[in-house]
DNA sequence: GTAACGCTGTGAATAATTTCACAATATAAT
DNA sequence: ATTATATTGTGAAATTATTCACAGCGTTAC
Ligand SMILES: NC(=O)c1ccc[n+]([C@@H]2O[C@H](COP(=O)([O-])OP(=O)(O)OC[C@H]3O[C@@H](n4cnc5c(N)ncnc54)[C@H](O)[C@@H]3O)[C@@H](O)[C@H]2O)c1
Ligand SMILES: NC(=O)c1ccc[n+]([C@@H]2O[C@H](COP(=O)([O-])OP(=O)(O)OC[C@H]3O[C@@H](n4cnc5c(N)ncnc54)[C@H](O)[C@@H]3O)[C@@H](O)[C@H]2O)c1
């Protein structure tokens, strides 16, 4: 069991858990590494290597117990206490995110939203109270929030990140197309849709031209 | 100049270009690899290594020409002809995406939307016409669409992907939390927000506990 | 002219990640 | 009980990605 687990492995464990949860709902009780691998779009060796991190063993003949493996990943990934999340920026994307995460994982839910727009402040959206920026330090402190989601315009992203970090947040999910400068003890994950779409466009074009060459 | 360029390099090139574009608007004319690196959050060696892919050389004393480098990346990344994109699923997320990409990059813009909801079909949203699913093959064909964005509910994602692929799409940007099964000549990029948020929560927790150990 | 400077481009070294390949083994069949 | 079987867990190898480190060079200063 390695001391530190790579970012990529953590991401895949999250995916495995979701797949296992679906399998459990479908009534499945056992599965083999190659089955989970096929569902996750990775190799069986990759699945087994990832599972080494969490200290759960399968059986050579039955494979893994769907329920036990899912719970084992949960014990590894999740906080023993609930983790509250703050959302900053209740615009088009922010509202979609609130709708998406509403009632999804009780362990990791949005407990406060922040916006500068006075029209949104003090309203309750998707069951979440929207606060003004000034209230951020107190709310983050009192709710014990460690995780922030940034869905503000690009120009506001750095300052919103600074405020969150000063208030004690240690992880940021950033949707603004701006690389954030944060202290080394803060983890940042960027979701850069422009970059993702440009990647898809590039490789789509490449695949399309490969096709042409094949028909030669 | 390598024959094939890695996915990661393509992603970073897209990021570099955006930063260069902003620099140009700010009136900057030249910059060094370490400056671009600092802005992108990578090392200078990484920047120089990435730039080897595109066949543009800087000067040892002036560094890179901001405008020329940006254009050079553009020639490498972009299609010589415009690439149209299809959006499937005009819900909360789909509408946010339409608003976000509207008028952003003329080279790579959403030219058609698709939804099953009869209330949305035949409406124009953010300047984009919404079609029914039945019209997808014809529209994809006639618009020459190679790239699709999936923002439909999880249960509908695979079948929407199948329809797009059958119609000729070669790249998919998938927001549904479901791994897609596609032929090998189709490129898929997944944006899995649940996974991303769980990663952030995991590492935020880890950083927070490191902090505690430090104050020991 | 030429010397000094600090950067680029890149081969080589290192680090990270994935895959291979196989001994160990839990179960079912007989 | 024994055997046959197919899978697990994991060292070792292979592959991929990043960083190091420095020769070579364009520019400036004198
Ligand atoms: N909409 C998308 O699909 C999409 C996709 C990719 C990236 N993004 C990025 O996500 C961010 C938000 O996008 P959006 O489409 O929701 O924009 P939006 O303009 O609809 O919403 C932005 C919200 O942030 C609020 N805001 C502005 N300044 C603020 C501040 N300093 N502190 C707190 N709140 C503030 C505004 O009042 C507004 O409610 C942008 O950075 C955008 O580039 C959006
Ligand atoms: N909202 C978010 O921020 C968010 C975040 C992460 C992932 N997602 C994922 O993105 C997808 C869309 O999310 P959403 O919040 O916009 O959902 P939504 O329910 O608001 O919108 C879904 C849209 O898809 C349409 N649709 C349903 N079946 C369809 C089909 N077969 N073909 C075409 N259109 C169809 C519906 O009419 C609706 O307009 C979901 O898979 C969701 O899990 C959303």
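Chains as they are written, first to last, in our numbering: chain A, 590 to 805; chain B, 590 to 805. Cβ coordinates follow ideal geometry from the N, Cα and C atoms, glycine included.
task: Take residue 805 of chain B and list the residues in its own chain whose beta-carbon comes closer than 8 angstroms to its own, dropping the five residues that flank it on each side.
output: Low per-residue confidence applies at residue 805 of chain B: pLDDT is 46, beneath 50, and the placement is therefore not dependable, though the value from the model is reported in the following sentence. Taken in chain order, the list of residues that qualify is empty.
query: If you run the structure through DSSP and keep just helix, strand and coil, what is residue 779 of chain B?
result: Secondary structure of residue 779 of chain B (DSSP, three-state): strand.
- prompt: Tell me the DSSP bridge mates of residue 720 of chain B?
  reply: For residue 720 of chain B, which the question treats as bridged, DSSP gives the partners B:703.
field: For residue 735 of chain B, three-class secondary structure by DSSP
entry: The DSSP-derived three-state label of residue 735 of chain B is coil.
Residue 649 of chain A CB to nearest heavy atom of ligand 2 below 7 angstroms: Not a single heavy atom of ligand 2 lies less than 7 angstroms from the C-beta of residue 649 of chain A.
Straight-line Cα distance separating residue 619 of chain B from residue 634 of chain A: Straight-line Cα distance between these residues: approximately 47 angstroms.
query: Would you say the beta carbon of residue 676 of chain B comes nearer than 7 angstroms to a heavy atom of ligand 3?
result: What this structure holds is ligand 1 and ligand 2, not ligand 3.
- prompt: From what residue to what residue does the alpha helix (DSSP H) around residue 624 of chain A run?
  reply: Unbroken alpha helix (DSSP H) run through residue 624 of chain A: 622-629.
- request: Return the residues of the segment 608-637 of chain A that lie within a Cβ-Cβ distance of less than 7 angstroms from chain B, sorted by chain order.
  value: Look at the segment 608-637 of chain A: the residues with a C-beta under 7 angstroms from a C-beta of chain B are 628, 629 and 630.
field: Amino acids of chain A, ordered along the chain, whose beta-carbon sits closer than 7 angstroms to that of residue 685 of chain B
entry: For residue 685 of chain B, the residues of chain A that pass the 7 angstroms Cβ criterion are 681, 682 and 685, in the order they occur in the chain.
- prompt: At a Cβ threshold of 8 angstroms, is residue 598 of chain B touching chain A?
  reply: For residue 598 of chain B, no CB of chain A lies under 8 angstroms from its own CB, so it is not counted at the interface with that chain.
task: List the residues of chain B that residue 791 of chain A touches, going by C-beta distances under 7 angstroms, in chain order.
output: Taking a Cβ-Cβ threshold of 7 angstroms, the residues of chain B close to residue 791 of chain A are 599 and 666, in chain order.
Three-way DSSP call (helix, strand, coil) for residue 715 of chain A in this model: Under the three-state reduction of DSSP, residue 715 of chain A is assigned to coil, being neither helix nor strand.
Assumed close pair residue 721 of chain A, residue 787 of chain B - CB separation to whole angstroms, cut-off 8 angstroms: Not quite, the Cβ-Cβ distance comes to about 29 angstroms (not below 8 angstroms), so this is no contact.
- request: Let me know if residue 768 of chain B comes out buried or exposed under the rule of 16 or more other beta-carbons within 10 Å of its beta-carbon.
  value: By the 10 Å Cβ count, residue 768 of chain B comes out buried.
task: Report the residues of the segment 740-766 of chain B with a CB closer than 8 angstroms to any CB of chain A, ordered along the chain.
output: Of all residues in the segment 740-766 of chain B, 758, 759, 760, 761, 762 and 766 have a Cβ within less than 8 angstroms of some Cβ in chain A.
query: residue 654 of chain B versus chain A: which residues are under 8 angstroms apart at the beta carbon?
result: Within 8 angstroms of the CB of residue 654 of chain B, no CB atom of chain A is found; the nearest one sits about 22 angstroms away.
- request: Please list the partners that residue 697 of chain B has in chain A, where partner means a Cβ-to-Cβ separation under 8 angstroms.
  value: Chain order gives the chain A residues near residue 697 of chain B as 786, 787 and 790, where near means a beta carbon separation below 8 angstroms.
- request: Say whether chain A places a C-beta atom closer than 8 angstroms to the C-beta of residue 729 of chain B.
  value: Closer than 8 angstroms: no.
query: At a Cβ threshold of 8 angstroms, is residue 812 of chain A touching chain B?
result: Residue coverage of chain A in this structure runs from 590 to 805, which leaves residue 812 of chain A outside it and unanswerable.
Beta-carbon proximity of residue 765 of chain A to residue 729 of chain A, cut-off 8 angstroms: Remark: C-beta atoms of residue 765 of chain A and residue 729 of chain A do not approach each other more closely than 8 angstroms.
field: Own chain, CB closer than 7 angstroms to residue 697 of chain A, minus 5 neighbours either side, in chain order
entry: Once the five neighbours on either side are set aside, the close Cβ partners of residue 697 of chain A are 672 and 674.
- request: Would you kindly work out how many angstroms separate the C-alpha atoms of residue 606 of chain A and residue 669 of chain B, rounded to a whole number?
  value: Rounded to whole angstroms, residue 606 of chain A to residue 669 of chain B spans 42 angstroms at the Cα level.
query: Can you find a heavy atom of ligand 1 that lies under 7 angstroms from the Cβ of residue 567 of chain A?
result: Because residue 567 of chain A is not part of the residues shown, which for chain A are 590 to 805, the question remains open.
field: Under 9 angstroms from the C-beta of residue 778 of chain A: neighbouring residues of chain B
entry: Contact note: residue 778 of chain A reaches chain B through 785, 786, 788, 789 and 792, using a C-beta cutoff of 9 angstroms and chain order.
Residues bridged to residue 642 of chain A [DSSP beta-bridge criterion]: BP columns for residue 642 of chain A are empty, so no partner.
Cut-off 8 angstroms between Cβ atoms - residues of its own chain near residue 695 of chain A, not counting five sequence neighbours on either side: Correct list, in chain order: 671.
- request: Answer with buried or exposed for residue 755 of chain A, where buried requires no fewer than 16 other C-beta atoms within 10 angstroms of its C-beta.
  value: Residue environment: residue 755 of chain A is assigned as exposed (fewer than 16 neighbouring CB atoms within 10 Å of its CB, all protein chains considered).
- request: Just list the beta strand (DSSP E) runs in the segment 656-704 of chain B, keeping only unbroken ones of 3 residues or longer that don't cross its boundaries, in chain order.
  value: For the segment 656-704 of chain B, the full-length beta strand (DSSP E) segments reaching 3 residues or more read 672-677 and 697-703 along the chain.
query: Which same chain residues, not among the five before or five after residue 690 of chain B, have their C-beta less than 6 angstroms away from its C-beta?
result: Cβ within range, chain order: 699.
query: Do you know offhand how far residue 652 of chain B's Cα is from residue 642 of chain A's?
result: Spanning the two alpha carbons is a distance of roughly 44 angstroms.
field: residue 648 of chain B (DSSP reduced to helix, strand or coil)
entry: In the three-state DSSP reduction, residue 648 of chain B falls in the strand class (E or B).
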